[in-house]
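First the structure, in the form of structure tokens, and then the observations on it.
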Amino acid sequence: MSADHTHAAHHDDHGHDHGSYSSYIKGFLLSVILTAIPFGLVMAGGFESRALTAVTVIGFAVVQILVHMVYFLHMNGKQEEGWTMLSTIFTVVVVVILLAGSLWVMYHMNTNMMPQMDHELTQGFGS
Amino acid sequence: MSHATTDTMARHWELEPHHHPDGASTSLGFWVYLMSDCLMFAVLFAVYGVLGTSFAAGPGPKDLFDLELVAVNTAMLLLSSITFGFAMLAMGKGDQRGTLRWLAVTLFFGLCFLAIELYEFHHLIHIGAGPQRSGFLSAFFTLVGTHGLHVTFGSIWLVTLMVQITRTGLIPANQRRMVCLSMFWHFLDVIWIGVFTFVYLLGMI
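Residue numbers (our numbering), protein chains in the order written: chain A, 25 to 151; chain B, 7 to 211.
Set out below in structure tokens:
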């Protein structure tokens, strides 16, 4: 059995796409650009508005994650009859709920339990 | 369960076990593991998001982080990702020597990444900004350290796989291992995008 044949069989069995030279290069160049721009932006001091800089940097990260998913991890809806995509979507949903929920709850805990409110709180609990 | 029910089920669903080729579901199983790992990192990111501003009157990101070092580190991991891609392509062509060569290059970049990260950790601990200094630093060391540990184990796996390929060649079992390790390696690069964005870049704005 030649190595090529082994690979072809492997390819059919697993429905895997190992990508091509050009797709890896394309993904790499996109990643370099998507990394360099936010680094350059922050190193240069960012925009006037800090929030705008933060949103831009996060935007680049999201796009770069998608680039990695497509070009390096070869994600598509057909892999493993769609189960790979489905498990990924499920994970993303859980991650979003987990991150947003934790930050939201803890932010409110912090703002509502600032030291200046201790007085009211002690009264509340004490009575 | 009654026979009638079983019969009904048999008409609607296939009850006989399928024959799957050896390792056919390995990559999906490994992907599910990576997704659970992703949840673990999400928890660590959430911890960092909550504790990231608790400096305990200690140093903050702007006092500690060196973006140029992080940029070099990011470049190392990105380069190791593409060289692993080339190893996969060499494997696809059945080129054992090429596969081993690209794996060695990947290992080199992975070790460079680890060396730079260890240097950064050593520097931080040396100037008194260790994990016990503040909530921010505890969360930082946990998050970045867990990623570093993953890269460490990925490197050990890489060495193991190189030995296996040298011994038995590019047999289907080794190809399957390569597919899993490549997913693991690219996954770590994806996590690093989150780390350098949320920890380093947002901390320095």
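The C-beta atom is built at its ideal place from N, Cα and C for all residues, glycine as well. All figures in this text were calculated on a predicted structure; none of them were measured in a lab.
query, result
"Spatially closest choice to Ile-122/B from Leu-176/B, Ala-81/B, Gln-138/B, Ile-133/B, by CA coordinates", "Ala-81/B"
"Rounded straight-line distance, which links the Cα of Ala-78/A to that of Gly-104/B", "42 Å"
"Contacting residues, own chain, Cβ-Cβ under 6 Å from Met-94/B (five flanking each side not counted)", "Ser-188"
"contact_flag[the stretch 32-49 of chain B, the stretch 113-131 of chain A] where n(CB pairs < 8 Å) is 3 or more", "yes"
"Min CB distance Glu-104/A to chain B below 8 Å", "yes"
"Close beta carbons around Val-196/B, own chain, < 8 Å, minus the five adjacent residues each side", "none"
"8 Å Cβ cut-off: residues of chain B touching Leu-97/A", "Met-189, His-192, Phe-193, Val-196"
"Boundaries (first-last residue) of the alpha helix (DSSP H) holding Ile-121/A", "107-136"
"Alpha carbon of Thr-89/B to alpha carbon of Phe-193/B, nearest angstrom", "15 Å"
"Any chain B beta carbon closer than 8 Å to Gly-43/A", "yes"
"The stretch 76-91 of chain A in contact with the stretch 50-67 of chain A per 3-pair CB rule at 8 Å", "yes"
"Unbroken alpha helix (DSSP H) run spanning Gly-29/B, endpoints", "Where Gly-29/B is concerned, there is no enclosing alpha helix (DSSP H), given that its DSSP letter is neither H nor E."
"Contact with chain B by Thr-135/A, beta-carbon distance below 8 Å", "no"
"Residue from Gly-200/B, Pro-178/B, Val-201/B with nearest C-alpha to Thr-32/B", "Pro-178/B"
"Closest Cα partner of Phe-142/B within the set Cys-186/B, Leu-70/B, Asp-43/B, Gly-200/B", "Leu-70/B"
"Contacts that Ala-52/B makes with chain A (C-beta to C-beta distance below 8 Å)", "Leu-122, Leu-123, Ser-126, Leu-127"
"Proximity of Met-41/B and Thr-135/A at Cβ, strictly below 8 Å", "no"
"Bounding residues of the alpha helix (DSSP H) (the contiguous stretch that carries Gly-104/B)", "102-132"
"Val-45/A classed as buried or exposed, judged by whether at least 16 other C-beta atoms fall within 10 angstroms", "Checking the sequence, you will find Tyr at residue 45/A rather than Val. It is exposed - the Cβ of Tyr-45/A has fewer than 16 other Cβ atoms within 10 Å."
"Proximity below 8 Å, CB of Met-210/B to CB of Leu-73/B", "yes"
"Same chain only: Cβ atoms within 6 Å of Trp-108/B, ignoring 5 sequence neighbours per side", "Thr-89, Phe-92, Ala-93, Ala-96"
"Listed by chain order, chain A residues near Gly-154/B by CB distance under 9 Å", "Residues of chain A passing the Cβ test: none, with the nearest at roughly 19 Å."
"Assumed close pair Gly-154/B, Leu-120/B - CB separation to whole angstroms, cut-off 8 Å", "6 Å"
"Where Phe-92/B meets chain A, residues with beta-carbon distance less than 9 Å", "Tyr-45, Tyr-48"
"Meets three-Cβ-pair contact criterion under 8 Å: the stretch 198-209 of chain B and the stretch 53-63 of chain B", "yes"
"Own chain residues within Cβ distance below 8 Å of Leu-117/B, not counting five before or after", "Ser-161"
"Nearest-angstrom Cα separation, counted from Pro-23/B out to Phe-36/B", "22 Å"
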